[in-house]
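Here's the structure we're looking at; comments come further down.
Residue numbers (our numbering), protein chains in the order written: chain A, 517 to 840; chain B, 97 to 437; chain C, 237 to 691.
As structure tokens, this is what we get:
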């Protein structure tokens, strides 16, 4: 088994999808000639041609809407939006159309569309390229929201997402593209619905996804050094949430810390905390605690950005506050 | 009118010569079905059988009827929230349409959509879109799918003059033209975006200029003249189908009633409405048919009677329709197993 | 400025842990107010204050163990300005509804199963002084809901004492417990209120309950993990250890002597039967009440039995506070005081006795009840025990034991008859009295029991 990067894993997934199904095409800003803003689709234009690796103008609403229409027209589009901040320009299409059409049409028109976009901070890109707004999308019925945090998920989530008859949004944390790891063969167990236990533990559940999975794993390592056994849950699928997995973990550990790069107020972390409180209240030995980004637009300066983001030291503080 | 940006109607397969006189009666009948249906809607709204927003297109029937006549069953339609006329002209049954307005399970969208969201898969009728401008990118995508699948189809996309102010309009025009996609843009310019007159909303009120700036054939037609529409639409549709890229048709029309029920209509002068009423497409065509001896009073009465019977049947059907089981409330948020395309 | 100190609640008590503060700085307190709960090795108790004033500050936080005599709080003398009215919401003044201390494990649902209480219910009940144990839950599974408490609060505000609904706010610094800890406590029958919290802010968390329950943490991991059968709980072990230490000290220091006699209780039984005919079922008297009363009155004749041996000297006690030995759930015994038992009318004594037993078994005793007994009575008759030779509770000097009532052949007035009899014993401190006085004491008890109407 050789090591590949998250970026390469994603590229392999795209290439596989384009090869396997001629209805699949990739569309977005700079995905073709430029090989993708994050070089994810590098080489795909040459391999699959401009019809199927389609550069778009900076018209997020139109090309996302076109993806929806093409999906209804029988294609399997993969639409790439450069960052989640830009997806706000297509919010109308994603929420009012992609998520609603099946229901609004009484079950007649499903939208088998995949939208990929980068999310998250950590690269000093400041307040219009760094936010983690996936929690907003996870609010919307009709959408499936995925957050691949590992090499395997980057490689193997795309195909099942394309097989989903309904719209799937895949959030790729920008700091993950250079992550290296060993790729395992696709296993039948790999799905796009359940959370995964990335590290088993007894004393506290660290619940994370996407970019914060590494924060959680690092924190767990540090906690282990202090003699504390942390379980790390990777949500993987932000909607629908795998409540069962969350509750299952809390039944073992009785404590939970949610680590989310999104802001705390009205957030996905709030949803996770609420689910645990609703379904595992009498197993909680401490309040569910959250480690989120500071509630500021992302600052540019490195030290400020670091201070904004959830860091392991803050996770450790939170765990200690729980008395674990 | 510069010829560089106005493509004169060419003679299509449905040539003037080939058009049977009976077809004119058919056009009149279609318009009457829509008109009487919507008049019935007012009554049903008044007795609360229809709720929510109800946008009537009374006065605009010629646009829908004219364009739909140019489409084949394989083509797609993306309509607006003022789409009863589009739905009926496209061939969705009056029963399913009325049942939808009454929120019944037998409705076109199982009562999930209502007046603004009529959908019908068999006739490739993709709604019923109530976000102004929101339907345009969808039409773009449907056309993109046809393009990629190398299907010779047209996607007719209806929108109003209000949508022209939306960014989605410009993004879509640009992409459709850039990618040379088979979309027939049908702009129903009724001069008002809700209560805002076009002069107060558009720096350039000649909408064809905007489309032409995206390098696509664009022209305007009299939206109150179904025959004129019928002459233009097929030509444009065939050009689109033949790989001519997107075309833009602006239909100058007018709604006689307010934007929606309970719109006090404070923004239009009575005189203006009366002036447009004089151009009502239905009496106009009726007079023409009578003048040419193609229709007499008895014939008209017969049509009216048939339409009335269809409406009575549709209302009875809708009234007797079932309410969807609340247990099914969450059905179709996501596809059901085995469902979907 | 006065110091409110950790009281000595028993000779064996060296230290105590504050488990709950029922007052906060700025609160007005009056003599007799319950101001805190503390935990000792033997029990958890409410402790009262003995002066009037205003709480200046709380020195010892919840969860901290301090030695007897350590300052727990400072109390400022009441201001010169006269108080306009007595503080209506003083915590648990006599007659006030009991302050809820939130023992999840003690509350039972309609099906008799322990139910867990939501934090808001506990909090609300505590705030407005509703006794959760008296409520019937209307929530799922008999769970007590917020509205149950609110309904009950209505009743509280219309209590006969006429106390307004304004309630104490005993939540300043009160121990909190996690939902999981509460659930575990309920499952294991651990009075959560008795636990010192080791969680954040002194909150009681699962490990505190586990420690108390003596159940190894490993065994509890996983919902289905069974509790090891027969594992002696740590809490019980602690109590056993405390009793052991006290009794060892007693036997080490007190030269016991033991006397026994058999008392004919036919007259007492007859009198009880007659008296109970006139009493409602819930006010019926039982023999132990007469035994306690007789003991209490008997010390008037033999005061060497009533008081404390302290610092090498006997200090007789004028009040007669009879300690009543009560076995508690999960093993162990405590002997809280029935205050002024000699002064109580028998019906009243009966009521107080029932109340004392109930509270002892619920871990809701007051501090003074633990520290005050001047003599102890133990009655093992209901277990079929013939004769009890007890061990004196230091620093008391006598313990009276009663066995079971049994019919015996008794010669009386020259006739042999079958009479109900009871064995009465006294274990007494030879440093204070001798067998003669002890015998006199037993004889006096006998005499009193022959005239039950005088009790």
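Cβ atoms here follow ideal geometry from the backbone N, Cα and C, with glycine treated the same way.
By the 10 Å Cβ neighbour count, where 16 or more other Cβ atoms means buried, how is residue 694 of chain A classified, buried or exposed? exposed
Which word fits residue 688 of chain A, buried or exposed, when buried means at least 16 other C-beta atoms lie within 10 angstroms of its C-beta? buried
Chain B beta carbons: is any one of them nearer than 8 Å to that of residue 817 of chain A? no
I want to see whether chain A comes within less than 8 Å of residue 436 of chain C, judged by CB atoms only; does it? yes
For chain C, check one thing: does any of its Cβ atoms lie closer than 8 Å to the Cβ of residue 719 of chain A? no
Burial state of residue 536 of chain C (16 or more Cβ within 10 Å): exposed
Per DSSP, cross-strand counterpart(s) of residue 659 of chain C: C:498
Looking at C-alpha atoms only, which residue of B:373, B:354, B:171 is the closest neighbour of residue 364 of chain B? B:354
CA nearest to the CA of residue 585 of chain A, picked from B:172, B:421, B:262: B:172
Can you name, in chain order, every residue of its own chain whose Cβ lies under 8 Å from the Cβ of residue 310 of chain C, other than the five neighbours on each side? 237, 238, 239, 240, 291, 292, 293, 295
Proximity test, Cβ basis, 8 Å: residue 618 of chain A and chain B: yes
Quick check on residue 216 of chain B: does DSSP put it in helix, strand or coil? strand
Three-state secondary structure (DSSP) of residue 275 of chain B: coil
Contacting residues, own chain, Cβ-Cβ under 8 Å from residue 508 of chain C (five flanking each side not counted): 521, 522, 523, 526, 688
Residues near residue 416 of chain C in its chain [Cβ-Cβ closer than 6 Å; skip 5 each side]: 442
Let's test the definition: count the other Cβ atoms within 10 Å of the Cβ of residue 122 of chain B and tell me whether it reaches 16, buried, or not, exposed. exposed
Hey, could you find the ends of the alpha helix (DSSP H) residue 671 of chain C is sitting in? 671-686
DSSP three-state assignment for residue 683 of chain A, whether helix, strand or coil: coil
Whole beta strand (DSSP E) runs in the segment 501-547 of chain C with 3 or more residues, listed along the chain? 543-546
Residues in the segment 795-812 of chain A having any Cβ partner in chain C nearer than 7 Å: 797, 798, 799, 800, 801, 802
Contacts that residue 441 of chain C makes with chain A (C-beta to C-beta distance below 7 Å): 801, 802, 839
Neighbouring residues, chain B, relative to residue 673 of chain A (Cβ below 8 Å): Near residue 673 of chain A there are no residues of chain B at all, since even the closest Cβ is about 17 Å away, more than 8 Å.
Which chain A residues sit within Cβ distance under 9 Å of residue 268 of chain B? 575, 577, 578, 581, 582
Please compile the residues from chain A whose C-beta is within a distance smaller than 8 Å of the C-beta of residue 213 of chain B. 620, 621
So, are the CB atoms of residue 322 of chain B and residue 381 of chain B less than 8 Å apart? yes
Rounded separation between residue 397 of chain C and residue 449 of chain C - CA only: Note that residue 397 of chain C scores a pLDDT of 38, beneath 50, so its modelled location is shaky; the value from the coordinates is reported in the next line. Cα-Cα distance, rounded: 40 Å.
Please tell me whether residue 631 of chain A and residue 595 of chain A are closer than 8 Å, where the distance is taken between their beta carbons. yes
Meets three-Cβ-pair contact criterion under 8 Å: the segment 663-677 of chain A and the segment 526-542 of chain A: yes
Distance, Cα to Cα, residue 250 of chain B vs residue 222 of chain B? 13 Å
Proximity of residue 571 of chain C and residue 562 of chain C at Cβ, strictly below 8 Å: yes
Beta carbons nearer than 7 Å to chain A: which residues of the segment 194-214 of chain B have them? 205, 206, 208, 209, 213
Quick one: does residue 322 of chain C have its CB under 8 Å from some CB of chain A? Reliability of the predicted coordinates at residue 322 of chain C is poor, the pLDDT of 37 falling under 50, and the value obtained from them is presented with this limitation in mind. Residue 322 of chain C does not count as touching chain A.
Buried or exposed: where does residue 700 of chain A fall if 16 or more other Cβ atoms within 10 Å of its Cβ makes it buried? exposed
Nearest CA to the CA of residue 446 of chain C: which residue from C:476, C:414, C:555? C:414
Chain A residues whose Cβ lies nearer than 8 Å to that of residue 419 of chain C: 798, 799
Could you say which of B:303, B:356, B:311 lies nearest to residue 83 of chain B if we only look at CA atoms? The question about residue 83 of chain B has no answer here: the residues shown for chain B are numbered 97 through 437.
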